[in-house]
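Asker:
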Amino acid sequence: MTRLSTTDDAQKLSGGATSWTSDTRLQKNIAQALLWLLLLTLPFWFTAIGGYTALGTRVLVMALAAMSVNFLLGYTGVLSFGHAAYFGLGAYGVGLIIKYIIPSTLLGMAVGVLTALIAGAIIGLLIVHLRGIYFAMVTIAFGQVFYFIAYRWNNVTGGDDGLSGWSRLPIDFGFTQLDILHKERAFYYFVLFFFMISAAIMAAILRSPFGRTLIAIRENERRARFLGIPVDRHIWISWVISCGFCGLAGALSGLLNNFASPHDLRWDQSGVFVIMAVLGGMRAFWGPLVGATIYVVLQDILSSHTQNWMSFIGLFFVLTVLFCPRGILGLFRRKSKS
Amino acid sequence: MSLLRVENVTKRFGSLVAVGGVSLVVEPGELRAVIGPNGAGKTTFFNLISGFLTPSSGRIIFDGEDVTDVLPARRVWRGMARTFQITEVFPELSTYENVQIAVEVAAGYRLRMHLSQAEKTKVRQRTEELLEMSGLSHKSTRLVGEMSHGDQRAIEIMMALALNPRLLLLDEPTAGMGDQETHDITQLIRRLHRDQKLAMVLIEHDMRVVLHLAERIMVLAEGLMLAEGTPHEVTSNEAVQAAYLGTAAA
């Protein structure tokens, strides 16, 4: 890879006191606290600046999917162009369960995530020995398999029209009920809860010895192998973890729209996740969140003015890649201290 | 029992015989050098020992076990570590992290997603000990990709050492280095050999480096073993002088 540095994540992930200095740690903690404060209070200020709560929810959902893609792309060094498959499996999983089997939001989500995990585990076994462009191509191919299943299997999946005629249901805690169906804010916090947990788990993994082996593989696969790391096996585990979180994002997306579309499964959706990760900065943990925010908000604003909104996002993407190849958060990276 | 026993290995790439029927025995604690002019098949020979390539014929026995067809990672688990002619490190990570990853893998933590305080302390102590040994403690927060070639090489050797190997394979450890760096790395190798009684095989094409370092030297030329013996025996061998020193002098 290049010699451009992100001491940023180097420091965050070292775990040792050696590579931290107290002021960068303070800066990081303040940024982190600010981020959570913004997310926790979003429903109360977002409308004031012209947004709406469901848009905020959509940002979180897409950010979670983009973060799952970036777990592979930015931290394992593996480019998946087929993550829409697992996103879509999550969405169809929750939709099909609620529509046909049991009207339970949480159970539907569990099935959606589990389906994505199982599909990811099996497909992963077949592809983890591939690298680079071959890996990316095969992930597209497998992704399209699921797209065509959803597209063709009319009487179960609704085919081209998508899976409709179901909706998310209030969560019953016994003593009280969380009405995520009618209260937009309640649903926002419901999604934020899963987003926070997922982000915390991914961050914890990346700070662990296992996470460091993934970064080692990204940095130099040959060295990793000759340290005694069974590289393919570690990539497989990383892949399955990533598919699981992408499935969760898909399930939440299905719940958000009360709808699962075959488009959720298609290869261009996979591309959108990659764009979000790269746009925000794939070497920064929160890069995909920044990328997803920009993408989703721009899409929302532009698409009310023009059908060609994608051209403008494309232009923005090209400019970003040209002028800050490390993404938006790449602008804030710190230089190595000597 | 010999630590490493290479029996008559051959590697062909199409019609090219890169290594032709070469044998080598390394005893525990021995420092052995393999020398030869460029293109002699030294690195291919190394790749066969470490499992980067599989031989077309012949056997490799490490610590009493036939590892001819064993994957590189498994050879590492059995105590064989190597460095590369072109330094292989993790450029965007700090010196500390480079060594830390190797220490964690060696401790068997590679699949762990959580470490106890005691385990973290153990990793930190071992990492700091290795950095101390390499003389790079003061550069522990530097990104390795921004460091000098000599420092990177030292880090790579420390990463290999973190694995607690019984055999360390060093592929041209002084390649592309200036005199001072060459001297430092040579001293490091000498110290490791003396203090840790670590068996090492090192490849060199610079004969001067090896003469004062290795106990026994094997000379390869055009994929074949030309001579084997003490530095004195090798330098006085006429075939070696013709093939190796002859070309070097010309």
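Residue numbers (the numbering used here), protein chains in the order written: chain A, 1 to 338; chain B, 1 to 250.
Glycine is no exception: its CB is placed at the ideal position from the N, C-alpha and C atoms.
1. So, at 6 Å on beta carbons, what are the nonlocal neighbours of A:G74 in its own chain, with the 5 sequence-adjacent residues on each side left out?
2. Between A:H341 and A:F135, what straight-line distance do the alpha-carbon atoms span, to the nearest angstrom?
3. By Cβ distance, which residues of its chain are closer than 6 Å to A:M346, with the 5 residues on each side in sequence left out?
4. Show which residues of chain A have a CB atom less than 7 Å away from the CB atom of B:A102.
5. Mark A:Y52 as exposed unless 16 or more other C-beta atoms lie within 10 angstroms of its C-beta, in which case mark it buried.
6. Using a Cβ-Cβ cutoff of 8 Å, what residues of the stretch 197 to 220 of chain A are near chain B? List them in chain order.
7. Taking its Cβ as the centre, do 16 or more other Cβ atoms sit within 10 Å of A:S253, making it buried, or is it exposed?
8. Does the distance from the CB of A:A63 to the CB of A:H83 come in under 8 Å?
9. Check distances from the C-beta atoms of the stretch 105 to 116 of chain B to those of chain A and list, in chain order, the residues that come in under 9 Å.
10. State the CB to CB distance for the pair B:D63 and B:R74, rounded to an integer number of angstroms; the pair is presumed to be in contact (CB under 8 Å).
11. Mind checking if B:M311 is an interface residue toward chain A, Cβ cutoff 8 Å exclusive?
12. Can you give the Cα-Cα distance for A:R225 and A:L106, rounded to whole angstroms?
13. Tell me the DSSP secondary structure of B:E88 in three-state form.
14. Just to confirm my understanding: we take A:K183, look at its own chain, exclude 5 residues before and 5 after, and list those with CB closer than 8 Å. What are they?
15. Determine the DSSP secondary structure at B:R5, reduced to helix, strand or coil.
16. In chain B, what lies closer than 7 Å to A:R223 by C-beta?
17. Tell me the residue span of the alpha helix (DSSP H) that contains B:D179.
18. Taking B:S50 as the reference, give the member of B:G223, B:M225, B:E215, B:M200 with the closest Cα.
19. Quick one: list the residues of chain A neighbouring B:S50, beta-carbon separation under 8 Å, in chain order.
20. Out of B:V209, B:L202, B:A227, B:K197, state which residue places its alpha-carbon closest to the alpha-carbon of B:S23.
21. Is there a Cβ of chain B sitting closer than 8 Å to that of A:P288, yes or no?
22. Do three or more CB pairs link the stretch 52 to 71 of chain B to the stretch 109 to 129 of chain B at distances below 8 Å?
23. Please classify A:A204 as buried or exposed, where buried requires at least 16 other C-beta atoms within 10 Å of its C-beta.
24. Enumerate in chain order the residues of its own chain whose CB-to-CB distance from A:A186 is below 7 Å, with the five nearest sequence positions on each side excluded.
25. If A:Y349 and A:C243 are in contact, beta carbons under 8 Å, what's the gap, nearest whole angstrom?
26. Quick one, which residues of the stretch 56 to 76 of chain B are near chain A if we go by CB-CB under 9 Å, in chain order?
Answerer: The short version:
1. Non-local beta-carbon contacts of A:G74 in its own chain, meaning distances under 6 Å to residues more than five positions away in sequence, involve M282, R283 in chain order.
2. Nothing can be reported for residue 341 of chain A: it is not among the residues displayed for chain A, which extend from 1 to 338.
3. Outside the shown range of chain A, which is 1 to 338, sits residue 346 of chain A, and nothing can be said about it.
4. L227, listed in chain order.
5. Exposed is the call here.
6. Identification of residues in the stretch 197 to 220 of chain A having a C-beta nearer than 8 Å to some C-beta of chain B yields A204, I205, S208, P209, F210, G211, R212, T213, I215, A216, E219, N220, given in sequence order.
7. Buried, since its Cβ has 16 or more Cβ neighbours within 10 Å.
8. The answer is no: Cβ separation not under 8 Å.
9. The stretch 105 to 116 of chain B vs chain A, Cβ under 9 Å: V105, A106, A107, Y109, R110, L111, R112, M113, H114, L115.
10. Rounded, the Cβ-Cβ distance is 12 Å, inconsistent with contact.
11. Because chain B is modelled from 1 through 250, residue 311 of chain B falls outside the range shown and cannot be assessed.
12. Answer to the nearest angstrom: the Cα atoms are 41 Å apart.
13. For B:E88, the secondary structure class from DSSP, reduced to helix, strand or coil, is coil.
14. Closer than 8 Å at the Cβ level, and outside the excluded window around A:K183, lies no residue.
15. The answer is strand: DSSP assigns B:R5 an E or B state.
16. Those are E88, V89, F90, listed as they occur along chain B.
17. Counting along the chain, B:D179 sits inside the alpha helix (DSSP H) bounded by residues 179 to 196.
18. If we check each option's Cα against that of B:S50, B:M200 comes out closest.
19. Near B:S50 (Cβ distances below 8 Å), the residues of chain A are F226.
20. Just measuring C-alpha positions, the residue of B:V209, B:L202, B:A227, B:K197 sitting nearest B:S23 is B:A227.
21. Chain B, which has no Cβ nearer than 8 Å to the Cβ of A:P288, makes this no.
22. Short answer: they don't touch.
23. Counting Cβ neighbours within 10 Å, A:A204 comes out exposed, since fewer than 16 surround it.
24. Closer than 7 Å at Cβ, skipping near neighbours: L178, D179, I180.
25. Residue 349 of chain A lies beyond the range of chain A shown here (1 to 338); nothing can be said about it.
26. Residues passing the 9 Å Cβ filter: L71, P72, A73, R74, R75, V76.
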